[in-house]
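Going by our numbering, the letters in the sequence shown line up with residues 1 to 139, in that order. One structure is given here, and the rest of the page talks about it.
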Amino acid sequence: MAQVLSEADRSALAVLLDGLIPADAFSVGAVELGVLAFIERELAAGSPDLSQLLELAGAARTLAGGELALASLGEDAVAALLAQLNAEHPAAFELLRRRAIEGAFGDPSHGGNREGAGWQLLGYPGPKGTFTAADQELR
């Protein structure tokens with residue numbers, strides 16, 4: 001897979017994604033769920049979302065005071081940053097929020113929801129194939 005995000009953009013998006021879907025006693029955070037990998041896969045496939053996500057990553061670094069400052073923000077500061085990004089960049093923020101949900105809870109075949117962990121969090125066992133009696137007959 002071609003790398004479409006710089007390390008600075010990957011780091012910024014990782015902070016934002018883990019702020020949207022943080023790890024807790026029941027589940028891992030967004031990045032460990034594979035959400036960032038899902039987003040990168042979508043972007044590498046030609047998704048038109050790249051410019052908005054790069055805008056959001058850049059705005060996050062600027063508002064936080066730089067890449068190192070962003071990476072060291074605590075949970076409350078990340079929540080405040082997310083609220084500010086939502087207010088100042090609503091379309092880009094909504095795109096990131098939607099992609100986070102898709103990556104955390106979509107079918108793992110698309111690169112996110114690693115090992116079905118998002119589904120486990122919801123108590124969903126995953127899709128089950130249904131076979132009729134005719135399907136099971138030996139021919």
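Here a beta-carbon is modelled for each residue, glycine too, at the ideal position from N, C-alpha and C. Just so it is clear, the structure is predicted and the values come from calculations on it, not from any experiment.
With respect to the 8 Å criterion, Gln52 and Ala87 are not classified as neighbours on the basis of their beta carbons. Secondary structure at Thr62: helix, using DSSP grouped into helix, strand and coil.
Taking 8 Å as the cut-off, the beta carbon of Leu17 is found closer than this to the beta carbon of Ala30. Contact check for Gly118 against Leu33 passes: the beta carbons are separated by less than 8 Å.
Nearest C-alpha to Leu82 among Arg97, Gly126, Gly66 and Leu138: Arg97. Contact check between the segment 98 to 113 and the segment 34 to 41: three or more CB pairs, one atom from each, fall below 8 Å, which counts as touching.
Asp76 counts as exposed, since fewer than 16 other beta carbons sit within 10 angstroms of its beta carbon.
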